[in-house]
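Read the structure below first, then the notes.
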Amino acid sequence: MFDVFALGPTGWGDEMLMGAVMTVLVSSSSLLLGITLGIVFAACKLSNFFILRAIAEVYTTIIRGIPELLVIYLLFFGGSSAVMYLAKIFGYMGYIELNAFTIGTIAVGAISGAYSTEVIRGAVNSVPKGQFEVGKTLGLSGYSLYGKIIFPQVARIALPGIGNVWQITLKDTALISVTGLVEIMRQSRIAAGSTHEPFIFYTAAIILYLLITRLSNIFFDSAEKKYSKGYVSKEAL
Amino acid sequence: MRLELMYESFFKIVEGIPLTLQVVSISTILGIFLAVAVALMRISGNRLMSLPAYYFVYLIRGTPLLLQLYFVYYGLSQFEAIRESILWPILKEPYWCGIITLTISTGAYSSEIIRGGILSVSKNYIEASGALGLSQIKTFMLITLPITVRQALPAYGNELILMVKASSLISIVTLMEITGIARTIISKTYAPVEIFLVAGSIYLVINFIIVMFVNLAERRLGIEKAT
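These protein sequence lines map, in sequence, to chains Z and S. Residues 54 to 290 in the numbering used here are what the first sequence lists, from first letter to last. Residues 2 to 228 in the numbering used here are what the second sequence lists, from first letter to last.
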């Protein structure tokens, strides 16, 4: 029964593992993009300009109210032409095609960006007001205030929330399989189709996802512990 | 923007709304029963009950919904025993596989919401109820349940929206609900932006209506919004 998972050309073991690597890669790059978008849009939401706040509000409302699959279809079918349209403005007339990895990263990154926005906004709000005031009183502004005083505190508070966003992002990448990117989901479909053993391969896929979840939980837990050194835990209070 | 195409496809995509709503409401209602059962198992204090419930929730929350759907739709049909069982007329239909998968998924997620709600009921109330001579079942129905509903409702509203979004996945197993129709039109007309706007707005309106109803229910039950 386990012959099908042999490594090398006779089995699907190495292909499934490569699929897992691809899932981790595309999830990580999506999360990075998502956190970047989250910082930008959280700044918009907290800004004094009505237009910036409105843009950020529209972005998070759309992403949180529309199925992920539709967003992926939008980018899958429309991503390349959008990039070509932009390239034309800069005078490039050639044909550009985005690969499945890029499309997947942008789509899932945009989705996780909306969740990160809320996490980061909440974290910034929970930094005591006095920290901002003291910073300003000391004559700090811009990078020295936000980069050196506020950001480290935000990062600590946002970490558990980002862990949840990672969980959501990891699962959302399964949807990219519809665009042809060979990650766990796609690979197990291919293997299931060619061996006529869907049960085993989908079970293997489940195990791989749970394994990645388990490992990332360990990672986030240790990161949390590291960054909350010097703080009294809530349970202790 | 091709406005005429948007106008035409609007009427086509609208035809998918009944299927979306049907699948969401059937799985949500079935899911509540599953969720209450799983939540009660988890807080039962009996390891034979709470451990399976814990692993069930862990399994469902740790894997993508699409994989669960494939597992039910393709994975189970591999076995002759299932294809010859009385369940086969149900398990061969993508419609029922979609409903089964969504029910299991919302059952797992909502059980956590319900568990949190039940745990938030103060022990004093339960003790007071016992002192007044109410039976365990009466205590649950008259004390625990109403408080749980109040506690869980805001989070459950979010779960309903997630369900509407999740129902789009059944289009992958050939069901023509909103996303399925939208996808078909996109691949025919190659107008992803226009169709996205139409289908996306329909989803936003559905979710907006759900939010309104949940808010109304919250006000009726006197739940104060945490701001």
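Where a beta carbon is used, it is the ideal one built from N, C-alpha and C, also for glycine. Since this is a predicted model, take the numbers as computed values, not measurements.
Rounded to whole angstroms, what's the CA-CA distance from residue i to residue j? Just pull it up for me.
| i | j | result |
| --- | --- | --- |
| glycine 46(S) | serine 112(S) | 16 Å |
| proline 155(S) | leucine 146(S) | 15 Å |
| glutamate 171(Z) | serine 165(Z) | 10 Å |
| threonine 228(S) | serine 197(Z) | Residue confidence is low: threonine 228(S) scores 47 on pLDDT, short of 50, so the model does not pin down where it sits. Its coordinate-derived value is still stated next. If I take the Cα positions, the gap works out to 31 Å. |
| glutamate 186(Z) | methionine 238(Z) | 50 Å |
| isoleucine 212(Z) | methionine 7(S) | In the sequence as presented, isoleucine is not what sits at residue 212(Z); that position holds leucine. Cα to Cα, the separation comes out at about 42 Å. |
| proline 205(Z) | lysine 278(Z) | 14 Å |
| alanine 244(Z) | leucine 60(Z) | 13 Å |
| phenylalanine 103(Z) | tyrosine 199(Z) | 21 Å |
| leucine 120(S) | alanine 160(Z) | 38 Å |
| alanine 153(S) | glycine 99(S) | 26 Å |
| threonine 99(Z) | leucine 105(Z) | Per the sequence presented here, residue 99(Z) reads as leucine, with threonine not at that position. Cα to Cα, leucine 99(Z) sits roughly 9 Å from leucine 105(Z). |
| isoleucine 119(Z) | serine 194(Z) | 38 Å |
| asparagine 101(Z) | alanine 276(Z) | 33 Å |
| valine 177(Z) | serine 269(Z) | 24 Å |
| leucine 139(Z) | proline 62(Z) | 43 Å |
| valine 231(Z) | serine 188(S) | 13 Å |
| leucine 70(Z) | threonine 226(Z) | 16 Å |
| aspartate 56(Z) | tyrosine 255(Z) | 16 Å |
| leucine 205(S) | phenylalanine 130(Z) | 21 Å |
| glycine 283(Z) | arginine 3(S) | 59 Å |
| phenylalanine 11(S) | leucine 66(S) | 28 Å |
| isoleucine 32(S) | tryptophan 97(S) | Per the sequence shown, residue 32(S) should be read as glycine rather than isoleucine. In a straight line, the C-alpha of glycine 32(S) is about 14 Å away from that of tryptophan 97(S). |
| isoleucine 156(Z) | glutamate 81(S) | 39 Å |
| leucine 222(S) | phenylalanine 214(S) | 12 Å |
| tyrosine 148(Z) | valine 77(Z) | 30 Å |
| leucine 198(S) | leucine 261(Z) | 36 Å |
| leucine 234(Z) | glutamine 220(Z) | 19 Å |
| isoleucine 144(S) | arginine 174(Z) | 37 Å |
| leucine 77(S) | valine 194(S) | 37 Å |
| isoleucine 253(Z) | serine 28(S) | 27 Å |
| alanine 259(Z) | arginine 242(Z) | Going by the sequence as given, residue 259(Z) is isoleucine instead of alanine. Between isoleucine 259(Z) and arginine 242(Z), the C-alpha separation is close to 12 Å. |
| arginine 220(S) | threonine 149(S) | 16 Å |
| leucine 135(S) | leucine 35(S) | 26 Å |
| isoleucine 186(S) | threonine 180(S) | 10 Å |
| proline 181(Z) | glycine 192(Z) | 18 Å |
So with CB distances below 7 Å, who are the chain Z contacts of residue i?
| i | result |
| --- | --- |
| leucine 170(S) | Leu122 |
| arginine 116(S) | Under the 7 Å cutoff, chain Z gives no residues; its nearest Cβ is about 17 Å from arginine 116(S). |
What does residue i touch in chain S if you count any residue whose Cβ is under 9 Å from its own?
| i | result |
| --- | --- |
| threonine 266(Z) | Tyr59, Arg62, Gly63 and Thr64 |
Check the Cβ of residue i against every Cβ in chain S and list those closer than 8 Å, keeping chain order.
| i | result |
| --- | --- |
| tyrosine 262(Z) | Gly63, Thr64, Pro65 and Leu68 |
| leucine 127(Z) | Pro193, Val194 and Phe197 |
List, in chain order, every chain S residue whose beta-carbon is nearer than 7 Å to that of residue i.
| i | result |
| --- | --- |
| proline 251(Z) | Tyr75, Gly76 and Gln79 |
Near residue i, what residues of its chain come up, given a Cβ to Cβ distance below 7 Å and the 5 sequence neighbours on each side ignored?
| i | result |
| --- | --- |
| serine 168(S) | Thr21, Val24, Val25, Leu103 and Glu178 |
| leucine 122(Z) | Leu228 |
| arginine 209(Z) | Tyr280 and Ser281 |
| threonine 222(Z) | Ser80, Ser83, Leu84, Gly87, Val161 and Ser165 |
| isoleucine 114(S) | Ala153, Ala156, Tyr157 and Glu160 |
| glutamate 250(Z) | Val57 |
| serine 106(S) | Ile61, Leu66, Gln69 and Ala167 |
| threonine 158(Z) | Val79, Ser82, Ser83 and Leu86 |
Excluding sequence positions up to five away, which residues of its chain have a Cβ less than 6 Å from the Cβ of residue i?
| i | result |
| --- | --- |
| leucine 90(Z) | Gly166 |
| threonine 113(Z) | Ala167 and Thr170 |
| alanine 183(S) | Ile14, Ile196 and Ala200 |
| phenylalanine 273(Z) | Gly216 |
| leucine 49(S) | none |
| arginine 153(Z) | Sequence inspection shows alanine at residue 153(Z); the arginine mentioned does not correspond to that position. Taken in chain order, the residues that qualify are Thr232, Gly233 and Leu234. |
Which bits of chain Z does residue i rub up against, with CB to CB less than 9 Å?
| i | result |
| --- | --- |
| tyrosine 71(S) | Met238, Ser241, Arg242, Ala245, Pro251, Tyr255 and Ala258 |
Whose C-beta lies closer than 8 Å to the C-beta of residue i among residues of the same chain, with five residues either side of it excluded?
| i | result |
| --- | --- |
| isoleucine 211(S) | Gly158, Leu161, Ile162 and Val165 |
| proline 53(S) | Met42 |
| valine 124(Z) | Ile116, Ala160, Ala163 and Ile164 |
| glutamine 184(Z) | Ile202, Ile203 and Gln206 |
Name, please, each residue of chain Z whose Cβ falls closer than 8 Å to the Cβ of residue i.
| i | result |
| --- | --- |
| isoleucine 162(S) | Arg117 and Gly118 |
Is there at least one Cβ from chain C nearer than 8 Å to residue i's Cβ?
| i | result |
| --- | --- |
| proline 65(S) | Of the chains in the structure shown, none is chain C; the protein chains are Z and S. |
(request) Could you name the residues of the segment 220-242 of chain Z whose beta carbon sits closer than 9 Å to any beta carbon of chain S, in the order they occur along the chain? (result) Gln220, Leu223, Lys224, Asp225, Thr226, Ala227, Leu228, Ser230, Val231, Ile237, Met238, Ser241 and Arg242
(request) Check each residue of the segment 193-211 of chain S: if its Cβ is closer than 8 Å to any Cβ of chain Z, include it; give the result in chain order. (result) Pro193, Val194, Phe197, Ala200, Gly201, Tyr204, Leu205, Asn208 and Phe209
(request) Residues of the segment 167-191 of chain S with a CB closer than 9 Å to any CB of chain Z: list them in chain order, please. (result) Ala167, Ser168, Ser169, Leu170, Ser172, Ile173, Ile179, Thr180, Ala183, Arg184, Ile187, Ser188 and Tyr191
(request) Closer than 9 Å, Cβ to Cβ, to anything on chain S: give me those residues from the segment 131-142 of chain Z, in chain order. (result) Gly131, Gly132, Ser134 and Ala135
(message) Can you pull out the residues from the segment 172-194 of chain Z whose beta carbon lies closer than 9 Å to at least one beta carbon of chain S?
(response) none
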